[in-house]
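All remarks here apply to the structure that follows.
Numbering (mature numbering (1 follows the signal peptide of the UniProt record, and there is no 0)), first residue to last: -25 to -1, 1 to 474.
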């Protein structure tokens, strides 16, 4: 079975199980499609990419990916630095943060790496974060999942399906059913893979540490973080099945990591300011709004913090999320004083507070002035556009968007904002075209095609715009598998389900 059709069938099976709680516990090996030749011959780069794209689509649809420009910019910058150090120029990488308090990270085929917010919040240095990400990058460059498919046939797919069910079920407040699905139907298969997984973990450690060193981070952070994870695992050992620990930490792995450090020169890597602000932001985002305000107010009053500036920043962010705009503005001023120097994160929050207060002129000034000092901040760019739209300065907003699109061609958020501006201006055809580009950049080809078809049906419009829409529609039909490169209906996917 082609991987594209397998991918859709697996996703459909997972969605059907989610629709019925009893389906979680009832899924069996026979519910999953046979990979056929793909299992025997391994996975091609195209198949790896398609599977990874399908998985990240489903994770995004679940609503658990962090949609914050500062967080996403940061994780992509660290990930890009590590990816460059691998020397794998032909392997694209994509980095995401999943809003989950658990300390974890995982890699998917095709270069998709996902870091849990809980892991980033739990790290004590930027190098610790980079050590985990380097480990996940190594899983990708060494094609571990593809090798599992080649060696174990269906077992990796059963593991992927079972763990996917457990993750999504727990997000829906049905964690017991999710764990039962894994334990009841997949435990034996996963147990068979443990030795294979340990070997991959060791290889990822070795390659990851090399990447860590080449990228300039502190390689000693890897065993230090392992040791802390080992302590945490001992605390929960009685309550967590061993096979659900996707990255089992052993004393041997710690010893191996420490051995690799011998004979090397020590190089301290100072944490970036972005790391500290993003870590604090994720701590806030992991809490409920009222819970965060209470926590930060208490810790500030009782002086229980490592950094007053970071604690005040977190407090201001929590107040803003809770709608306490005046209080947030005052606390942010205190954070600025405690920090003692400008930073894009402080300016971004200041602009967001003014936006929430509908003080669009003040917000525009904050974002524009800060962008002069921090021109690479994507958050400041988005904030300026949003402030211009709020002030109904649509032409200025479009000019800013189009200028940014030349620099950030793959930025989906710019196209979504472009669509909103055209909607406000009453230019419906351009609105649908821009929204299609947004969907295309988040790999949602079906909705992108629908938007272009809506654009086609709009009255009026000039010939050149209509030609652009028609041509782009054909491109997306090919990407979605509905047509081949000659423009003919695809026989491969004629009967595949559309999600």
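C-beta atoms are modelled at their ideal positions from N, C-alpha and C, and glycine is treated no differently.
- Taking 4 residues as the minimum length, the alpha helix (DSSP H) runs contained wholly in the stretch 48 to 136 are 92 to 97, 101 to 116, 119 to 127, in order along the chain.
- Secondary structure at residue 464: strand, using DSSP grouped into helix, strand and coil.
- A residue is called buried once 16 or more other Cβ atoms fall within 10 Å of its Cβ, and residue 408 is buried on that count.
- Between residue 173 and residue 329, the alpha-carbon positions lie close to 51 Å from each other.
- In the DSSP assignment, residue 306 falls within the alpha helix (DSSP H) that extends over 300 to 314.
- Linking residue 265 to residue 293 through their CA atoms gives a straight-line distance of about 8 Å.
- Per the C-alpha coordinates, the member of 49, 40, 457 positioned closest to residue 247 is 49.
- The three-state reading of DSSP puts residue 355 in helix, counting H, G and I together.
- Per DSSP, reduced to three states, the secondary structure at residue 40 is strand.
- Excluding five sequence positions before and after residue 335, the CB atoms of its chain that fall closer than 6 Å to its own CB belong to 362, 365, 366, given in chain order.
- The residue from 316, 268, 243, 289 with its alpha-carbon nearest to that of residue 257 is 289.
- Residue 307 and residue 394 have their C-alpha atoms spaced approximately 32 Å apart.
- Exclusion of the five residues before and after residue 243 leaves 193 as the residues of its chain whose Cβ lies within less than 7 Å of its Cβ.
- Distance between residue 345 and residue 227, taken at the CA atoms: about 49 Å.
- Residue 322 sits buried, since 16 or more C-beta atoms from the chains shown fall within 10 Å of its C-beta.
- At the C-beta level, residue 232 and residue 179 stay beyond 9 Å of one another.
- Taking 9 Å as the cut-off, the Cβ atoms of residue 354 and residue 43 count as close.
- With respect to the 9 Å criterion, residue 106 and residue 26 are not classified as neighbours on the basis of their beta carbons.
- Relative to residue 262, the option among 282, 296, 250 whose CA is nearest is 296.
- Residue burial is scored here from C-beta neighbours: residue 432 has fewer than 16 other C-beta atoms within 10 angstroms and is therefore classed as exposed.
- Distances from the alpha-carbon of residue 372 to those of 339, 236, 300, 73 put 339 closest.
- Going by beta carbons, residue 115 and residue 71 fall outside the 9 Å limit.
- Residue 173 sits in a helix when the DSSP states are folded into three classes.
- Exposure of residue 434 is indicated by the presence of fewer than 16 other C-beta atoms within 10 angstroms of its C-beta.
- Counting other Cβ atoms within 10 Å of its Cβ, residue 110 reaches 16 or more and is therefore classed as buried.
- By the Cβ neighbour-count rule, residue 320 is buried, with 16 or more other Cβ atoms within 10 Å of its own.
- Annotated three-state conformation of residue 262 is coil, per DSSP.
- Bounds of any alpha helix (DSSP H) do not take in residue 195, whose DSSP letter is neither H nor E.
- For residue 417, there is no enclosing alpha helix (DSSP H), as DSSP gives it neither H nor E.
- The DSSP-derived three-state label of residue 281 is coil.
- Annotation: residue 425 to residue 447 spans about 12 Å, alpha carbon to alpha carbon.
- Taken through DSSP and simplified to helix, strand or coil, residue 317 comes out as coil.
- Residue burial is scored here from C-beta neighbours: residue 438 has fewer than 16 other C-beta atoms within 10 angstroms and is therefore classed as exposed.
- Under the three-state reduction of DSSP, residue 349 is assigned to coil, being neither helix nor strand.
- In the DSSP assignment, residue 333 falls outside any alpha helix (DSSP H) and carries neither an H nor an E.
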